[in-house]
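Engineer: The structure follows.
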Amino acid sequence: TAYHNRHGKRHGKKARLRCSKKALHVNFKELGWDDWIIAPLEYEAYHCEGVCDFPLRSHLEPTNHAIIQTLMNSMDPGSTPPSCCVPTKLTPISILYTDAGNNVVYKQYEDMVVESCGCR
Amino acid sequence: CQQATIPADAPTEPLRESDQGMRSRQDGKAPRSPRDAAARKGPSAWAPPPRVEPHEYMLSLYRTYSIAEKLGINATFFQSSKAANTITSFVDRGRDDLSPSALRRQKYLFDVSTLSDKEELVGAELRLFRKAPGDHSSKAQTGLAHVQVSPCLSGRLLDSRTWGLHEAASAQAGGGWVVFDVWQALQPHQPWKKQPQQPQQLCLEVRAVAGTRTQAQQPLLDLRDLGLGRGARAQQEKALLVVFTKSRRKNLFSELRQERGAQQQGAHAPPQESTAAAQLRLQSRRMRR
Chain A
-8 TAYHNRHGKR HGKKARLRCS KKALHVNFKE LGWDDWIIAP LEYEAYHCEG
42 VCDFPLRSHL EPTNHAIIQT LMNSMDPGST PPSCCVPTKL TPISILYTDA
92 GNNVVYKQYE DMVVESCGCR
Chain B
7 CQQATIPADA PTEPLRESDQ GMRSRQDGKA PRSPRDAAAR KGPSAWAPPP
57 RVEPHEYMLS LYRTYSIAEK LGINATFFQS SKAANTITSF VDRGRDDLSP
107 SALRRQKYLF DVSTLSDKEE LVGAELRLFR KAPGDHSSKA QTGLAHVQVS
157 PCLSGRLLDS RTWGLHEAAS AQAGGGWVVF DVWQALQPHQ PWKKQPQQPQ
207 QLCLEVRAVA GTRTQAQQPL LDLRDLGLGR GARAQQEKAL LVVFTKSRRK
257 NLFSELRQER GAQQQGAHAP PQESTAAAQL RLQSRRMRR
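See below:
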């Protein structure tokens, strides 16, 4: 929880982070997928993390529903959870792999990298 | 944007681990597929299948489209991609007749069993590596050769190319790739759809006649003279069937996830929300204020 003084500055305990894009480095070797994925062996996928609390910032591009839900949550946290910090734009990556017949396949996988996060 | 092609002098050395994050196929770890992974019960049942050496053409495709993605360009817009989001390569399994007599016809065989009928076929190419004319070349022959590709059974012409009998296959004269459009061979029949349980072979026949056009009773040329002999070919020089498909499925990973039997991973419950009631009260009080 962010504690603000009368000037709006944070002090005291660690502030809760607003919804934003954070690093998420994916290593297919660590996942055990390097036995069929040829390339890439790793990539930056990013992830969304943080709170969607009142008031929602415009850059988070909240839906109307998220605005209402966030307002409801701010009025009565017990009744409604806050809206969710989720990816709002994702982009594809190319993957080269071997299929069941040991053929080499290039495939463009959609929605693999987070471009932006928002409240939904 | 240029089409990704294999230069005639394309390097054929093994991939390095550092090569744009690609996996080295020479590291002693045999490749396998997700389907294989699901079928295996444990390490004792593990039998390494033959290693797969990625064809330089596929690596070139990957590099080109990956760079495009990083620049914010959708690779499916490339003319070379034919608007496909999946490009599968099948290596030729056919062999030439070893007899010293002239090689008039060649049969190129491709196991297309793994092609999914859930994907829309948008193109197919036969890529043949033409070696520079060597000892097999008949010095007496001059003029043009008309090389034709057709399905083995029907004989219907799919595509053809014309080149000089002694024409250097590339600028470096070391060899070059010739591309034939064989989409028609896959389009009307789509054999993998009819008998999905059995291995499906696509057979394409290559022949050549002198001149620029097919003429009746014209003798067939020796394909070895044209640099198409398949004896002692390196993996990187083997013919390739490249199939371009467009997946209609939205979640492309779901199939792989099912095959890998990863559903047990769902046993991990998400961590409980650690927000204390007191903090909530403070927060709500602050919000009201």
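Sequence order for the protein chains is A and B. Here the first sequence stands for residues -8 to 111, numbered as in our numbering. Here the second sequence stands for residues 7 to 295, numbered as in our numbering. Just so it is clear, CB atoms sit at the ideal spot from N, CA and C, and this is done for glycine as well.
(1) Could one say the Cβ of Tyr97(A) lies closer than 7 Å to chain B's Cβ atoms, at least one of them?
(2) Of all the CB atoms in chain A, is at least one closer than 7 Å to the CB of Phe96(B)?
(3) Would you say Thr70(B) lies against chain A (beta-carbon separation less than 7 Å)?
(4) Report yes if the C-beta of Ala57(A) is less than 6 Å from at least one heavy atom of the ligand NAP; otherwise report no.
(5) Is Ile58(A) close to chain B? Criterion is C-beta to C-beta, closer than 7 Å.
(6) Since Ala191(B) contacts Pro157(B) with CB under 8 Å, what's their CB separation in whole angstroms?
(7) Please check if any C-beta of chain A sits within less than 7 Å of the C-beta of Ile93(B).
(8) Could you tell me the alpha carbon to alpha carbon distance between Phe250(B) and Leu15(A), rounded to whole angstroms?
(9) Short check: CB of Asn18(A) to CB of Glu33(A), under 7 Å?
(10) Please check if any C-beta of chain B sits within less than 7 Å of the C-beta of Thr89(A).
(11) If we count the other Cβ atoms within 10 Å of its Cβ and call it buried at 16 or more, is Arg101(B) buried or exposed?
(12) Round the Cβ separation of Thr120(B) and Ala91(A) to the nearest angstrom and send it over; I've been treating them as touching at under 8 Å.
(13) Can you pull the chain B residues whose beta carbon is under 9 Å from the beta carbon of Ala36(A), in chain order?
(14) When burial is assigned at 16 or more other CB atoms within 10 Å of the CB, is Ile59(A) buried or exposed?
(15) With a cut-off of 8 Å on the beta carbons, I'd call Leu229(B) and Val212(B) a contact; round off their distance for me.
(16) Compile a chain-ordered list of the residues in the segment 112 to 139 of chain B whose CB is closer than 8 Å to at least one CB of chain A.
(17) If we ignore side chains and look at the alpha-carbon of each, how far apart do Glu62(B) and Gln241(B) end up?
(18) Closer than 7 Å by beta-carbon distance: list the chain B residues that pair up with Asn94(A), in chain order.
(19) For Gly109(A), list the residues DSSP reports as bridge partners.
(20) Between Ala14(A) and chain B, is the shortest Cβ-Cβ distance under 7 Å, so that the two count as touching?
(21) Are the CB atoms of Tyr37(A) and Val105(A) nearer to each other than 7 Å?
(22) Does the CB of Val188(B) have a neighbour CB from chain A at under 7 Å?
(23) Using beta carbons (cut-off 7 Å, strictly below), is Leu247(B) in contact with chain A?
(24) Would you identify the three-state DSSP class for Arg7(A), choosing helix, strand or coil?
(25) I want to verify the contact list: residues of chain A whose CB lies under 7 Å from the CB of Leu227(B), in sequence order.
(26) Please tell me whether His274(B) has its Cβ less than 7 Å away from any Cβ of chain A.
Structural biologist: Well, looking at it:
(1) Output row for Tyr97(A): interface = yes.
(2) yes
(3) no
(4) Looking for the ligand NAP in the displayed structure turns up nothing, as the structure carries no ligands at all.
(5) no
(6) 5 Å
(7) yes
(8) 31 Å
(9) yes
(10) Interface residue (Cβ-Cβ distance to chain B less than 7 Å): Thr89(A) is classified as such.
(11) exposed
(12) 5 Å
(13) Those within 9 Å of Ala36(A) in chain B number zero; the least Cβ separation is about 12 Å.
(14) exposed
(15) Yes, they are in contact, since the Cβ atoms of Leu229(B) and Val212(B) sit about 7 Å apart, within 8 Å.
(16) The segment 112 to 139 of chain B vs chain A, Cβ under 8 Å: Asp117, Ser119 and Thr120.
(17) Cα-Cα distance, rounded: 10 Å.
(18) Thr94, Ser95, Phe96 and Thr120
(19) In the DSSP assignment, the residues bridged to Gly109(A) are Val77(A).
(20) no
(21) yes
(22) no
(23) no
(24) Note: Arg7(A) maps to coil in three-state DSSP.
(25) Here the premise fails: no neighbours, minimum Cβ distance about 31 Å.
(26) Because His274(B) carries a pLDDT of 42, less than 50, the predicted location of this residue cannot be relied on, and no value is offered for it.
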